[in-house]
Amino acid sequence: MSSSSPDRTGTNATTPGGTLVESDAPTPGGTFIESEEHTALRAAVSALGRRHGRDFDRETLWREAGKLGYLGVNLPEEYGGGGGGIVELSLVLEELGTAGCPLLMLIVSPAICGTVIARFGTDAQKRQWLPGLADGSLTMAFGITEPDAGSNSHRITTAARKAPDGGWILNGRKVFVSGVDIADATLVVGRTEDARTGRLKPCLFIVPRDAPGFTRSPIDMELRAAEKQFELVLDDVRLPADALVGDEDAGLLQLFAGLNPERVMTAAFALGMGRYALARAVEYAGTRQVWKEPIGAHQAIAHPLAQAHIELELARLMMRKAAHLYDTGADAAAGEAANMAKYAAAEACVKAVDQAVHTLGGNGLTREYGLASLVTAARVARIAPVSREMILNYISHQSLGLPKSY
Ligand SMILES: Cc1cc2nc3c(=O)[nH]c(=O)nc-3n(C[C@H](O)[C@H](O)[C@H](O)COP(=O)(O)OP(=O)(O)OC[C@H]3O[C@@H](n4cnc5c(N)ncnc54)[C@H](O)[C@@H]3O)c2cc1C
1 MSSSSPDRTG
11 TNATTPGGTL
21 VESDAPTPGG
31 TFIESEEHTA
41 LRAAVSALGR
51 RHGRDFDRET
61 LWREAGKLGY
71 LGVNLPEEYG
81 GGGGGIVELS
91 LVLEELGTAG
101 CPLLMLIVSP
111 AICGTVIARF
121 GTDAQKRQWL
131 PGLADGSLTM
141 AFGITEPDAG
151 SNSHRITTAA
161 RKAPDGGWIL
171 NGRKVFVSGV
181 DIADATLVVG
191 RTEDARTGRL
201 KPCLFIVPRD
211 APGFTRSPID
221 MELRAAEKQF
231 ELVLDDVRLP
241 ADALVGDEDA
251 GLLQLFAGLN
261 PERVMTAAFA
271 LGMGRYALAR
281 AVEYAGTRQV
291 WKEPIGAHQA
301 IAHPLAQAHI
311 ELELARLMMR
321 KAAHLYDTGA
331 DAAAGEAANM
341 AKYAAAEACV
351 KAVDQAVHTL
361 GGNGLTREYG
371 LASLVTAARV
381 ARIAPVSREM
391 ILNYISHQSL
401 GLPKSY
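The opening residue of the sequence shown carries number 1 in the UniProt record's numbering; numbering runs sequentially from there.
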């Protein structure tokens, strides 16, 4: 076969690195399932991300991304957002992550909190929060995890009781809540008592950062990230009646309106990190030479990187499906797809980062090359916001109809 004719994979041997994408998209990651607008958004966000790079300053990037309209692409236009959906917001996070500067609070502030307020908030709540969440001048954290409940959210005990003045009094504890210090408020998942059954049902409350009785202490995490995690104590926190978001009786539905976007966005976070790590490894493998050819010529190095690329692409397709289902209002189908996308992206990310570190040999563990810290960061996507095992449980029970062990 001549060196210029395509081989059996369809690759033209004269164009190393050419892949079987349908379109000749000018931007990294452009594929046939994306519209021109999406490709353009990807390119613009990618350019912003590359300007900031791995040593980014979170606040500066947040402000700039807000001004450019990227933080609120999913929020309604009438409140200053871009009028898009989770498809667009996930694309923003994926591209920032690919450039080495993921904004974790995108998962929380516009994706969970912005979505829940846009879908279930009162007009006053929408006016108060959405324009600021969209342009980045306001940020909201999200707290559901509790020390004694963990993955079993049915067990959360943060309780809200009605105050005589019609407001609410919250008591409870939360752990691992991200960005509480930089957020103007935290959307806290609490429970109110059902008047008929006496059973506790989940409800969402906006708790301002400086509310009396609301205290936070940072958790000493082994993570290199701009956002910290906190343990929270709510000790008789008094809130006005309008701190409750949505209907007291539709807690679960409203909660999942926020949790499904969170899963899609965590998939985007993982994909971005995986693509970032893979790109560093490919660059290195193409130039590092200890024998006759660069190390990337050895299949023991090349194949695992190729595998990582394939698995990231597959996860991205699933993420796209989940985001599309969510944006078109297919909440039930989006639930299954969002779980699958989060699972696939986290697993692909962990593998890509592991192989990237290995590709760099000793340099993979130096600070200079910036990959070693991703080993820990990648694991976040496997644990949060719902662990790998809990997704496998969900698929076993909900999709396959298998019995439960718990
Ligand atoms: C960096 C980071 C940021 C976070 N940010 C936030 C945030 O902003 N807001 C927030 O509310 N939370 C946040 N979290 C918390 C996160 O969502 C939880 O850590 C996660 O839900 C798992 O809960 P857990 O840590 O209590 O683990 P546990 O529930 O104690 O689980 C421990 C292990 O047991 C396994 N396990 C548990 N139950 C089962 C079962 N039935 N079958 C099989 N295996 C099981 C789990 O898969 C896991 O491997 C964050 C966590 C991290 C690490």
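Even for Gly, the Cβ is constructed at its ideal location relative to N, Cα and C.
Original post:
Taking only runs of the beta strand (DSSP E) that begin and end inside the segment 165-200, which ones reach a length of at least 3 residues, in chain order?
Top reply: 168-178, 185-193
Original post:
So does R388 have its beta carbon nearer than 7 Å to some heavy atom of ligand 1?
Top reply: Within the sequence shown, numbered from 1, the residue matching residue 388 stands at position 388. Correct: R388 has its Cβ closer than 7 Å to ligand 1.
Original post:
Does ligand 1 have a heavy atom nearer than 7 Å to the CB of P261?
Top reply: Against the sequence shown, residue 261 aligns to sequence position 261. Incorrect: P261 has no Cβ contact closer than 7 Å to ligand 1.
Original post:
Helix, strand or coil: which one does DSSP assign to G391?
Top reply: In the sequence shown, counting from the first residue as 1, residue 391 sits at position 391. Gly is not the amino acid found at residue 391; the sequence shown has Ile there. Here I391 sits in helix by DSSP.
Subject >> Exposure label - P26; buried when at least 16 CB within 10 Å >> reply: Translated into the one-based positions of the sequence shown, residue 26 becomes position 26. At P26 the pLDDT is 40, less than 50, meaning the model places this residue with poor confidence; the figure from the coordinates comes in the next sentence. P26 is exposed by the Cβ-count criterion.
Original post:
In the structure shown, what three-state DSSP assignment does L252 receive?
Top reply: Taking the first residue of the sequence shown as 1, we reach residue 252 at position 252. In the structure shown, L252 sits in a helix (DSSP, three-state: H, G or I).
Original post:
What is the C-beta distance between L312 and R275, in whole angstroms, given that I count them as a contact (C-beta under 8 Å)?
Top reply: Here residue 312 refers to the residue found at position 312 when the sequence shown is read from its first residue. Here residue 275 refers to the residue found at position 275 when the sequence shown is read from its first residue. At roughly 6 Å, the Cβ-Cβ gap stays under 8 Å, so L312 and R275 are in contact.
**OP:** Taking all protein chains shown into account, decide if Y326 is buried (16 or more other Cβ within 10 angstroms of its Cβ) or exposed.
**Re:** Indexing the sequence shown from 1 puts residue 326 at position 326. Buried: at least 16 other Cβ atoms inside 10 Å.
Original post:
So what does DSSP say about A56, is it helix, strand or coil?
Top reply: The residue labelled residue 56 in the question sits at position 56 within the sequence shown. According to the sequence as given, residue 56 is Phe; it is not Ala. Coil.
Subject >> Coil, strand or helix - C101 by DSSP >> reply: As a working note, residue 101 is residue 101 in the sequence shown. Of the three classes helix, strand and coil, the one that applies to C101 here is coil, per DSSP.
Subject >> As assigned by DSSP and simplified to three states, the class of A346 >> reply: The sequence position of residue 346 within the sequence shown is 346, counting from 1. The answer is helix: DSSP assigns A346 an H, G or I state.
**OP:** Quick one: give me the first and last residue of the beta strand (DSSP E) that Q229 is part of.
**Re:** Taking the sequence shown and counting its residues from 1, one reaches residue 229 at position 229. Segment 229-239, the beta strand (DSSP E) holding Q229.
Original post:
Can you tell me where the beta strand (DSSP E) with K321 in it begins and where it stops?
Top reply: Residue numbering aside, residue 321 sits at position 321 when the sequence shown is read from its first letter. First-last for K321: 299-327, but that is the alpha helix (DSSP H), not the beta strand (DSSP E).
Subject >> Collapsed DSSP secondary structure at E204 in the structure displayed >> reply: On the sequence shown, position 204 is the one that residue 204 refers to. Residue 204 is actually Leu in this sequence, not Glu. Note: L204 maps to strand in three-state DSSP.
Original post:
What is the residue span of the beta strand (DSSP E) that T366 lies within?
Top reply: Taking the sequence shown and counting its residues from 1, the one referred to as residue 366 is at position 366. Careful: T366 lies outside any beta strand (DSSP E) and carries neither H nor E.
Subject >> Contacting residues, own chain, Cβ-Cβ under 7 Å from T15 (five flanking each side not counted) >> reply: To locate residue 15, count along the sequence shown from 1; it is residue 15. Because T15 sits at a pLDDT of 35, beneath the cut-off of 50, its placement in the model cannot be relied upon, and the point is left open.
Original post:
Thinking just about the alpha-carbon of each residue, which of G53, E283, L41, A330 is nearest to the one in L103?
Top reply: Sequence index remark: in the sequence shown, residue 103 carries index 103 (1-based). Selected option, being the one with the closest Cα: G53.
**OP:** Please find out if some non-hydrogen atom of ligand 1 comes closer than 7 Å to the beta-carbon of V177.
**Re:** Within the sequence shown, the letter at position 177 stands for residue 177. Yes, the Cβ of V177 comes within 7 Å of a heavy atom of ligand 1.
**OP:** Could you tell me whether the segment 178-191 touches the segment 104-113, where touching means 3 or more Cβ pairs closer than 8 Å?
**Re:** yes
Subject >> Distance cut-off 7 Å: L223 Cβ against heavy atoms of ligand 1 >> reply: Taking the sequence shown and counting its residues from 1, one reaches residue 223 at position 223. Yes - ligand 1 has a heavy atom lying nearer than 7 Å to the Cβ of L223.
Original post:
What residue range is occupied by the uninterrupted beta strand (DSSP E) comprising G143?
Top reply: Sequence index remark: in the sequence shown, residue 143 carries index 143 (1-based). Residues 140-143.
Original post:
Is there at least one non-hydrogen atom of ligand 2 closer than 7 Å to the beta-carbon of Y394?
Top reply: Ligands in the displayed structure: ligand 1; ligand 2 is not one of them.
Original post:
Nearest to L314 by CA position, among A270, E222, A297, S396, is which residue?
Top reply: Numbered from its first residue, the sequence shown carries residue 314 at position 314. Comparing Cα-Cα distances from L314 to each of A270, E222, A297, S396, the minimum goes to A270.
Original post:
Within 10 angstroms of its Cβ, does I219 collect 16 or more other Cβ (buried), or is it exposed?
Top reply: On the sequence shown, residue 219 is found 219 positions in, with the first residue counted as 1. That one is exposed.
**OP:** Answer yes if the segment 138-153 comes into contact with the segment 279-290, meaning at least three C-beta pairs across the two stretches below 8 Å, and no otherwise.
**Re:** no
Original post:
Skipping 5 residues on each side, what residues in its chain have a beta carbon closer than 6 Å to that of G84?
Top reply: Along the sequence shown, one-based indexing puts residue 84 at 84. The answer, listed in chain order, is V73, N74.
**OP:** Indicate the three-state DSSP secondary structure (helix, strand or coil) for S109 in the structure shown.
**Re:** Translated into the one-based positions of the sequence shown, residue 109 becomes position 109. Of the three classes helix, strand and coil, the one that applies to S109 here is helix, per DSSP.
**OP:** Drop a sphere of 10 angstroms on the beta-carbon of S178, count the other beta-carbons inside from all chains shown, and report buried for 16 or more, exposed for fewer.
**Re:** Taking the first residue of the sequence shown as 1, we reach residue 178 at position 178. Buried, since its Cβ has 16 or more Cβ neighbours within 10 Å.
Original post:
How about I33: is its Cβ closer than 7 Å to a heavy atom in ligand 1?
Top reply: As a first step, residue 33 must be located in the sequence shown, where it is residue number 33. Incorrect: I33 has no Cβ contact closer than 7 Å to ligand 1.
**OP:** Answer yes or no: do L365 and A277 have a C-beta to C-beta separation smaller than 8 Å?
**Re:** As a working note, residue 365 is residue 365 in the sequence shown. As a working note, residue 277 is residue 277 in the sequence shown. Not in contact: L365 and A277 (Cβ atoms no closer than 8 Å).
Original post:
Is F120 closer than 8 Å to A297 when the C-beta atoms are compared?
Top reply: Within the sequence shown, residue 297 is the residue found at index 297, counting from 1. Within the sequence shown, residue 120 is the residue found at index 120, counting from 1. No, the pair does not count as a contact, with Cβ atoms beyond the cut-off.
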